[in-house]
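Residue numbers (this note's numbering): 208 to 524.
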């Protein structure tokens with residue numbers, strides 16, 4: 208059997224310890240609770256295992272390198288619970304233990320792979336700071352991921368969804384502009400293929416009225432891009448800004464929140480899913496065989512914009 212060599216947990220230690228690839232504990236001794244939807248709310252809770260200090264140092268190390276790993280802590284938390292509940296030290300870990308760890312994760316293959324990859328990166332960090340010599344997850348097999356088919360809105364469904372949100376705009380002076388702002392944000396998602404966070408971060412100078420463009424600053428992968436707007440979008444934005452000016456609603460944000468701050472994405476989620484309920488289009492995520500069919504989400508509008516634009520270009524020849 209191959210053998211894995213580790214250094215002691217303290218970097219200053221010169222001695223080494225080796226183990227055969229025999230599980231340090233039987234699988235029945237490993238109790239593993241898996242993350243759920245509340246993980247986002249408790250993502251800042253401290254790690255509790257014997258490697259908690261090293262896990263925090265690894266996250267800080269990645270942050271100092273410029274990586275924006277929003278979900279890294281959540282991906283490392285199952286590994287932390289595994290170490291804590293199994294009562295293991297970093298020296299005690301054996302490659303076979305990770306087989307039991309992987310089996311204990313009641314997640315989809317894609318999420319299991321993300322957890323394993325996060326733990327693999329953590330072990331690479333331990334090697335870099337000379338705590339370990341070998342990475343037990345270097346050649347660890349990943350799960351075969353399910354195929355994913357996103358929900359695509361047809362042009363007619365997109366219009367129905369936008370119309371449903373538009374009909375919900377309240378004409379009372381206290382609510383009219385705020386409801387119109389939410390509608391405009393969803394309108395930009397559908398008509399420009401923007402990501403959910405992008406219209407929320409737009410400031411006044413990002414809309415270039417003279418050349419009909421929107422400047423998206425520091426988007427995904429920290430890149431900037433310029434979006435050429437259609438006549439329909441330009442007319443809507445001009446009308447929206449005229450209303451904003453008439454109401455003397457001053458804010459640095461192009462689409463401000465009710466009190467002038469940055470609009471929160473939860474307002475878009477609420478309006479979007481209420482519209483789907485109104486047009487009987489809200490459906491659950493489905494899995495058939497090894498293929499996952501996604502439910503409609505605001506990000507589906509981005510996929511739909513790309514598909515419908517290509518279909519339109521192809522239809523014109």
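In this text, a Cβ means the ideal position worked out from N, Cα and C, and glycines have one as well.
Nothing here was measured: the structure is a model prediction, and the numbers come from that model.
query, result
"Give me the Cβ distance between residue 377 and residue 386, rounded to the nearest whole Å; I'm assuming they're in contact under 8 Å.", "5 Å"
"Using beta-carbon positions only, say whether residue 395 and residue 440 come within less than 9 Å of one another.", "yes"
"Should residue 516 go down as buried or exposed, given a rule of 16 or more other Cβ atoms within 10 Å for buried?", "exposed"
"Span of the beta strand (DSSP E) holding residue 500?", "498-500"
"Quickly, what does DSSP pair residue 422 with across the bridge? List them, please.", "433"
"Would residue 472 and residue 421 be called neighbours here (beta carbons separated by less than 9 Å)?", "no"
"When you compare each of 313, 293, 314 to residue 304 by their alpha carbons, which one comes out closest?", "293"
"Shortest alpha-carbon distance to residue 390 belongs to which of 259, 445, 410, 462?", "462"
"Could you compute how far the alpha carbon of residue 434 sits from the alpha carbon of residue 399?", "8 Å"
"From this set, 478, 469, 431, which residue's C-alpha is nearest residue 371's C-alpha?", "478"
"Compute the beta-carbon to beta-carbon distance between residue 503 and residue 358, rounded to the nearest angstrom, for a pair I have assumed lies under 8 Å.", "4 Å"
"Please report how far the alpha carbon of residue 340 lies from the alpha carbon of residue 291, in whole angstroms.", "22 Å"
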